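Quick mapping for you: the protein sequence lines, in order, are chains W and H.
Under this note's numbering, the first residue of the first sequence carries the number 402, and numbering increases by one thereafter.
Under this note's numbering, the first residue of the second sequence carries the number 9, and numbering increases by one thereafter.
Every residue, glycine too, gets a C-beta built ideally from N, C-alpha and C.
Being a predicted model, the structure only gives us computed values, none of them experimental.
The structure appears below as structure tokens.
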Amino acid sequence: MFTDFIEKLQPKSVAGRRILKISGYVALLIFILQLPNFAFTKDTSGPLPLFTIVLCAVYALFALGLNIVVGFAGLLDLGYVAFFLFGAYTAAWLMSDFGYQISERAGASRHQFSFDVHFMSAAADTLKGVHLSFWLVVIIAALVAALAGIAIGAPTLRLKSDYLALVTLGFGEILPEVFRNFGDVGGFNLTNGTKGIGPVDRVDMGLLSRLPKLPLVGKIPANIVSSDYKTKFYVIIVFCALFVYSSLKLRDGRLGRAWMAIREDELAASLMGVPLMRTKLWAYAVGAIAGGVGGAFYATIVGTINVDTFIFAFSIIILCAVILGGMGNVWGAIAGGVVITWFDQTGLVWLSTKFNSAAGTNFDFKSYQFGLFGLVLVLMMLFRPQGLIPATRSRQVKKADKQVLEHDHLGYGLEIGIDPPDHRPRGLPDEFETRRP
Amino acid sequence: MTELLLDARKVRVEFGGLVAVNDVDFNIPTGSIVALIGPNGAGKTTFFNVLTGLYTPTRGGVHFDGVSIVGVAPHKIAASGVARTFQNIRLFGAMTAAENVMVAMHPHLKSSVVSTILRTPRQRHEEKEARATATELLKFVGIGGTEEEFAKNLPYGDQRRLEVARALALRPKLLLLDEPTAGMNPQESATFTTFVHRVRDEKGVTVLLIEHDMKVVMGVSERITVLEYGAKIAEGTPAEIRSDQRVIEAYLGKSATEEVA
């Protein structure tokens with residue numbers, strides 16, 4: 402109903418629509434740039450502290466990544482946490498003193514190794530260990546995550562729907578366990594086990610800090626101060642914007658069509674020349690890149706990587722964000738990621754304090770978090786299965802469906818005495834010829 | 009001797025103890041229109057599935073354009089020039105007609121992930137051309153102007169046409185039509201005969217069809233192969249098949265032939 406109303410408001414001419422679109426982007430840009438400056442974002446006990454906004458953006462990036470796999474290609478992935486983990490650990494390895502393991506730092510490990518590499522890092526030169534520039538680490542994390550996506554995808558993507566979901570779930574459970582136990586691999590300490598790795602270096606400004614003093618901005622410092630969430634927010638927004646742009650371009654191109662074809666009918670897609678394995682692996686790899694980049698950034702803002710962060714619930718939360726927002730729609734994925742993260746980080750606690758002070762009770766919404774998320778998902782499936790911001794595609798298909806029904810009460814299929822194509826049986830084998838023994 | 013586009017020898021498909029296709033020899037001369045007929049469950053669609061790579065034959069060989077396609081992945085066979093439609097329409101429902109057609113151009117398009125994100129001039133040019141080709145193909149099959157319609161919202165007959173347009177986008181050498189006139193009224197079936205000839209003559213495509221409507225089969229095909237219980241029981245021109253004793257028995261039963269005689 403609401404979307405119908407919005408559509409009526411839209412201008413009819415192509416030029417009008419374009420102007421509306423561009424002004425929409427400009428308004429969004431101004432809003433995002435100004436968001437950290439609003440007074441309420443400075444109040445850490447308020448409904449929207451800056452740290453929550455930064456996390457919302459990180460989770461929106463994760464949701465964008467999973468949206469490629471689940472929304473575009475239609476592959477149910479319940480192990481997205483794996484890519485988050487690889488990104489975060491890549492940052493932890495390459496941006497901390499973990500690489501310098503001698504004497505007491507080596508902990509339980511019998512073998513000692515020590516790397517001492519600095520490259521345009523925010524860390525002081527006197528610190529030992531591997532300290533690379535954040536921007537280089539982001540690229541490496543993206544590559545590591547993409548390779549992890551291919552490595553996990555290659556054996557699992559032969560499976561379909563529910564089976565794929567189960568195996569990815571398995572991978573999402575196994576990997577954190579592996580990292581938990583890799584504090585001692587034949588005497589080498591690779592992950593520091595349950596103790597985690599930290600502190601991770603802050604985000605540096607890379608080549609930007611080499612620029613001379615700029616008008617408006619001034620001289621860019623070499624790195625971001627740890628309390629400067631405003632600049633961190635802008636950094637993650639750059640990644641989100643890049644990923645939104647890439648998602649939209651890919652969706653409308655050759656690969657995006659192949660993804661959608663696989664989502665619609667895998668068998669028909671392969672018979673139309675779409676290589677199933679390669680196309681699905683691309684979806685995994687591209688989706689994993691967002692996980693890797695988001696993971697690396699996350700490591701720098703929280704400062705310490707702990708294996709307990711990488712739990713199954715993470716995969717579920719991101720999946721909820723995609724479903725809540727509207728599968729297959731990048732803006733929906735962002736909205737879903739932001740809403741879910743806000744409730745998760747701040748909203749529930751803030752609401753319970755408000756509620757309790759008004760009603761004089763002692764009620765903790767946060768402890769009912771998963772129950773509430775579950776309830777919201779059930780309600781969504783009942784009343785708005787297409788999500789908050791559904792993909793244009795499903796919106797239009799639905800609208801046309803309604804028109805067909807209005808025009809023709811019998812429906813096409815009934816009229817000509819065969820099943821409408823929607824109700825056709827799916828999957829291999831196409832038709833077994835089973836008349837005869 | 010005419011060149012053979014497809015040459016299948018002693019093809020046998022078994023599902024457990026069930027023999028779906030029983031040592032069938034079958035070939036298609038380049039540029040011809042050939043039909044495969046037989047009662048329900050005779051193994052026609054199974055045979056199609058062998059030709060498109062969905063099933064690997066238990067025994068026997070299939071050569072397409074001189075190359076063996078046994079055990080080759082379906083998308084590779086498709087890219088090498090075998091396109092098909094489906095008995096129960098299998099379009100990409102939530103994609104537009106133009107997009108459906110463009111999916112099948114996948115093997116012929118070159119743009120990569122990087123060039124798509126960067127929108128290189130070559131990628132944009134390629135997309136534009138692909139779109140133009142799609143429009144042209146839709147017009148060719150007689151549903152021009154439906155580019156932006158979602159496949160699942162098209163009327164049934166148009167969906168059948170769209171399937172053909174999509175198959176043609178693969179630039180096939182061989183087009184397999186699985187019961188193309190199912191669900192069509194007699195008038196539509198009649199126009200279909202001329203349509204198949206147009207496809208062959210204008211697109212230079214060899215056509216193999218499975219069909220139950222005998223009027224269509226006799227009108228369109230140059231050669232007919234008849235399967236029954238997975239085995240080939242007859243092969244020849246429409247006139248020969250019409251008078252073949254075993255074919256009449258297969259279709260009408262033994263007593264019926266006796267009555268006719």
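| query | result |
| --- | --- |
| Residue 698 of chain W versus residue 428 of chain W: straight-line alpha-carbon distance, rounded | 26 Å |
| 7 Å CB neighbourhood of residue 477 of chain W in its chain, flanking five on each side removed | 471, 562, 565, 566 |
| Residue-chain proximity (residue 173 of chain H, chain W), Cβ-Cβ < 8 Å | no |
| Contact with chain H by residue 808 of chain W, beta-carbon distance below 8 Å | Interpretation of residue 808 of chain W is limited by its pLDDT of 45, a score under 50 that renders its predicted location unreliable; no figure is taken from the coordinates. |
| Per-residue contacts from residue 647 of chain W into chain H (C-beta, under 7 Å) | 125 |
| Among H/255, H/25, H/52, nearest to residue 94 of chain H - alpha-carbon criterion | H/52 |
| 8 Å Cβ cutoff, residue 665 of chain W in contact with chain H | yes |
| Whether residue 86 of chain H touches residue 219 of chain H by CB criterion (8 Å) | no |
| Residues in the stretch 119-145 of chain H having any Cβ partner in chain W nearer than 9 Å | 119, 120, 121, 123, 124, 125, 126, 127, 131, 134, 135, 138 |
| Residue 20 of chain H versus residue 83 of chain H - alpha carbon distance | 22 Å |
| Residues near residue 112 of chain H by beta carbon distance below 6 Å, same chain, minus five either side | 174, 177, 178 |
| Neighbourhood of residue 757 of chain W by C-beta, 7 Å cutoff - its chain only, sequence neighbours within 5 removed | 763, 764 |
| Rounded C-alpha distance that separates residue 586 of chain W from residue 696 of chain W | 24 Å |
| Per-residue burial, residue 107 of chain H [other beta carbons within 10 Å of its own, 16 or more giving buried] | buried |
| Inter-residue spacing [alpha-carbon to alpha-carbon] between residue 599 of chain W and residue 502 of chain W | 13 Å |
| Limits of the unbroken alpha helix (DSSP H) element including residue 83 of chain H | 82-88 |
| Own chain partners of residue 549 of chain W with C-beta closer than 7 Å, once the 5 adjacent residues on each side are dropped | 483, 484, 487, 689 |
| Cross-chain neighbours of residue 692 of chain W in chain H, by beta carbon under 9 Å | By Cβ distance, chain H contributes nothing, its closest Cβ being about 17 Å from residue 692 of chain W, past 9 Å. |
| Interface flag, residue 669 of chain W vs chain H, CB-CB below 8 Å | yes |
| Cβ separation of residue 700 of chain W and residue 489 of chain W, assumed to be a contact under 8 Å, to the nearest whole Å | 4 Å |
| Proximity test, residue 137 of chain H beta-carbon vs the ligand ZN heavy atom, cut-off 7 Å | With respect to the ligand ZN, the structure shown offers nothing to examine, as it has no ligands at all. |
| Distance, residue 605 of chain W Cα to residue 520 of chain W Cα | 11 Å |
| Residue 658 of chain W versus W/641, W/769, W/646, W/676, residue with shortest Cα-Cα distance | W/676 |
| Below-8 Å beta-carbon distance, residue 727 of chain W vs any chain H residue | no |
| Limits of the alpha helix (DSSP H) - the one that residue 757 of chain W falls within | 749-760 |
| Cβ-Cβ separation, residue 40 of chain H to residue 214 of chain H (assumed contact under 8 Å), whole Å | 6 Å |
| Alpha helix (DSSP H) segment containing residue 57 of chain H, residue limits | 52-59 |
| For residue 841 of chain W, the residue or residues it bridges with in DSSP | The question about residue 841 of chain W has no answer, for chain W in this structure spans 402 to 838. |
| Cβ pair residue 839 of chain W, residue 714 of chain W closer than 8 Å | Outside the shown range of chain W, which is 402 to 838, sits residue 839 of chain W, and nothing can be said about it. |
| Members of the stretch 152-172 of chain H that neighbour chain W once the beta carbon cut-off is set at 7 Å | 158, 160, 161, 163, 164, 167 |
| Alpha helix (DSSP H) runs contained entirely in the stretch 525-589 of chain W, provided each spans 4 or more residues | 535-557, 562-582 |
| Residues that residue 71 of chain H bridges to, as DSSP identifies them | H/15, H/76 |
| Where residue 167 of chain H falls, given that 16 or more other Cβ within 10 Å makes a residue buried | buried |
| Separation of residue 473 of chain W from residue 652 of chain W, as counted between CA atoms | 7 Å |
| Residues near residue 254 of chain H by beta carbon distance below 7 Å, same chain, minus five either side | 241, 242 |
| 8 Å Cβ cutoff, residue 676 of chain W in contact with chain H | yes |
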